[in-house]
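A quick write-up on the structure given underneath.
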Amino acid sequence: MFGERLFRARAASGLSMKELALLAGVSANMIKKYEHNESMPGSAVLLKMSRALGVRNEYFFRPTTVELKEVEYRKRSNLSKKALTRIHADIINQVERWMELAALWPCFPVPAFSAPLFSTQRLTHYDDVEKVAECLRQQWCLGSQPIASLIDLLERQGILVIVTQADHAEKFDGCQAKVNGMPVIVISGKWPGDRQRFTLAHELGHLVLHHRLADNLDEEKACHRFAGAFLLPASTMRQRLGARRHALEVRELYLLKQEAGLSMMACIYRAADLGIISDQTRQKLFMLFSASHWRTLEPGEAYPAESTTLFSQLVFRGLGEGILSESKAAELLGISLSQFHRTRKLESPDVDSYQ
Ligand SMILES: [Zn+2]
Numbered sequence: 001m002f003g004e005r006l007f008r009a010r011a012a013s014g015l016s017m018k019e020l021a022l023l024a025g026v027s028a029n030m031i032k033k034y035e036h037n038e039s040m041p042g043s044a045v046l047l048k049m050s051r052a053l054g055v056r057n058e059y060f061f062r063p064t065t066v067e068l069k070e071v072e073y074r075k076r077s078n079l080s081k082k083a084l085t086r087i088h089a090d091i092i093n094q095v096e097r098w099m100e101l102a103a104l105w106p107c108f109p110v111p112a113f114s115a116p117l118f119s120t121q122r123l124t125h126y127d128d129v130e131k132v133a134e135c136l137r138q139q140w141c142l143g144s145q146p147i148a149s150l151i152d153l154l155e156r157q158g159i160l161v162i163v164t165q166a167d168h169a170e171k172f173d174g175c176q177a178k179v180n181g182m183p184v185i186v187i188s189g190k191w192p193g194d195r196q197r198f199t200l201a202h203e204l205g206h207l208v209l210h211h212r213l214a215d216n217l218d219e220e221k222a223c224h225r226f227a228g229a230f231l232l233p234a235s236t237m238r239q240r241l242g243a244r245r246h247a248l249e250v251r252e253l254y255l256l257k258q259e260a261g262l263s264m265m266a267c268i269y270r271a272a273d274l275g276i277i278s279d280q281t282r283q284k285l286f287m288l289f290s291a292s293h294w295r296t297l298e299p300g301e302a303y304p305a306e307s308t309t310l311f312s313q314l315v316f317r318g319l320g321e322g323i324l325s326e327s328k329a330a331e332l333l334g335i336s337l338s339q340f341h342r343t344r345k346l347e348s349p350d351v352d353s354y355q
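In UniProt numbering, the protein residues as written are 1 to 355.
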């Protein structure tokens with residue numbers, strides 16, 4: 001048990017056995033023995049390893065219960081095996097933190113996710129996908145307003161969202177998995193907000209549309225359509241741009257992006273899907289975006305990255321209700337007890353939002 005946890009913490013930190021050995025003052029061979037459960041470190045070495053790996057001592061002694069199942073990557077990614085191991089370890093560590101928090105509650109105040117029911121059970125056209133997105137917005141009481149934090153919204157509906165910072169090569173494309181039957185969506189903390197939001201909405205599309213599409217519909221395409229429709233409803237699009245247009249100004253797309261958190265490119269697709277612009281106009285806009293190198297980096301200010309407060313909120317709620325102790329709260333938030341005391345009195349930098 002100890003060995004597996006040490007390996008995972010080391011993988012998440014990106015340190016090699018040799019590097020950790022140097023920091024802990026032991027040989028690389030000894031680290032290998034620890035990881036194979038052939039030897040146990042003394043308390044001094046344990047302390048040094050905890051510091052080097054950025055975890056608390058308690059981390060090594062939690063029982064491992066979390067296993068990611070049905071992991072599906074969004075695209076065939078060209079990540080190295082080492083980078084993938086690192087991201088995977090980070091995901092497990094974060095999921096574990098959530099599971100530990102949930103297990104402390106007699107009745108966890110977040111409901112389990114259940115795929116919503118719609119009147120049209122079998123979707124035969126991409127326009128049906130549009131209706132499903134609208135219907136879900138209604139069921140979740142979102143009206144046609146922009147969604148401020150998509151992570152918060154999904155987490156409150158029982159979908160666990162993990163934002164990994166372990167994507168150092170910036171090649172990770174997001175993935176979806178299941179933990180104890182709960183859906184988990186993973187995005188990168190290195191992406192701009194509009195890309196994070198599109199990936200989240202796309203993965204939500206998979207959860208909602210899976211097994212409900214007729215054979216003539218491509219699930220990837222349907223999920224793209226769902227993502228656009230969920231983030232920026234057709235009614236808002238038509239209200240802002242009009243029902244039929246001959247051309248679109250780049251600034252209009254920029255304003256839409258800032259309002260809804262949907263990229264300008266996705267707004268162009270959306271305008272064409274809704275028949276607001278012709279395919280020819282769409283092509284012209286694409287050409288402009290390519291020629292200006294805006295496909296890789298859109299002009300203007302980037303849309304801010306997503307953040308979430310649910311985890312921290314539940315930690316403090318649990319603390320207030322006596323469900324967890326101060327030291328457990330500090331451990332779950334990954335900070336020292338003294339830092340926690342300052343945070344509790346609002347004297348320390350913000351730990352509420354994880355980005
Ligand atoms: Zn997909």
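Just so it is clear, CB atoms sit at the ideal spot from N, CA and C, and this is done for glycine as well.
Just so it is clear, the structure is predicted and the values come from calculations on it, not from any experiment.
By the CB criterion at 8 Å, Ile87 and Phe172 fall inside the cutoff.
A residue is called buried when at least 16 other Cβ atoms come within 10 angstroms of its Cβ; Met237 meets this threshold and is buried. The beta carbons of Val184 and Leu160 sit about 5 Å from each other, so the pair counts as a contact at 8 Å.
Note: Val179 is bridge-paired with Met182 in the DSSP secondary-structure output. Here the C-alpha atom of Ser39 lies approximately 6 Å from the C-alpha atom of Lys33. Here DSSP, grouped into helix, strand and coil, assigns Thr281 to helix.
Look at the beta carbons and you see the stretch 216-232 touching the stretch 198-207: at least three pairs across the two are nearer than 8 Å.
Secondary structure note for Lys69: its beta strand (DSSP E) is the uninterrupted segment Lys69 to Tyr73.
Arg156 and Val110 do touch by the CB rule: their CB atoms are close to 6 Å apart, below 8 Å. With a cut-off of 7 Å, the C-beta of Cys223 is classified as near ligand 1, since at least one heavy atom of the ligand falls inside that distance.
Nearest Cα to Arg122 within the set Arg212, Ser278, Gln283 and Asp152: Arg212.
Here Ile187 is bridged, per DSSP, to Val163. For Leu232, the secondary structure class from DSSP, reduced to helix, strand or coil, is coil. Here Phe118 is actually not in contact with Gly158; their C-beta atoms are around 18 Å apart, not less than 8 Å. Within the chosen limit of 7 Å, ligand 1 does not reach the beta carbon of Glu70 with any heavy atom.
Using a Cβ distance threshold of 8 Å, Tyr126 and Leu217 count as a contacting pair.
Looking at the backbone, the Cα of Ser188 and that of Gly174 are separated by about 7 Å.
Not one heavy atom of ligand 1 falls within 7 Å of the beta-carbon of His210.
For Tyr269, the enclosing alpha helix (DSSP H) stretches over residues Met264 to Asp273. Within the chosen limit of 7 Å, ligand 1 reaches the beta carbon of His206 through at least one heavy atom.
In the three-state scheme derived from DSSP, where H, G and I count as helix and E and B as strand, Leu22 is classed as helix. In the structure shown, Thr309 falls within a coil segment according to DSSP collapsed to helix, strand and coil.
Residue Ala266 holds the alpha-carbon nearest to the alpha-carbon of Trp294 among Tyr59, Ala266, Ala103 and Ala247. Distance from the Cα of Gly261 is smallest, within the candidate group Ala148, Arg317, Glu326 and Ser235, for Ala148. As summarised for the stretch 287-352, the continuous alpha helix (DSSP H) elements at least 4 residues long and confined to that stretch are 310-320, 326-333 and 337-344, given in chain order. For Leu6, the three-state secondary structure derived from DSSP is helix. Taking a contact as a CB-CB distance under 8 Å, the pair Phe60 and Arg5 counts as one, their CB atoms being some 5 Å apart. Under DSSP, Leu213 takes part in a beta bridge, and its partners are Leu123. The closest heavy atom of ligand 1 lies 7 Å or more from the beta carbon of Glu170. When secondary structure is reduced to three states using DSSP, Ile87 falls in the helix class. In terms of Cβ geometry, Met49 and Leu22 do not form a close pair [threshold 8 Å]. Around Met17, the same chain offers Ala28, Ile31 and Lys32 as residues with beta carbons nearer than 7 Å, after the five sequence neighbours per side are excluded.
Ile151 places its beta carbon less than 8 Å from that of Glu306.
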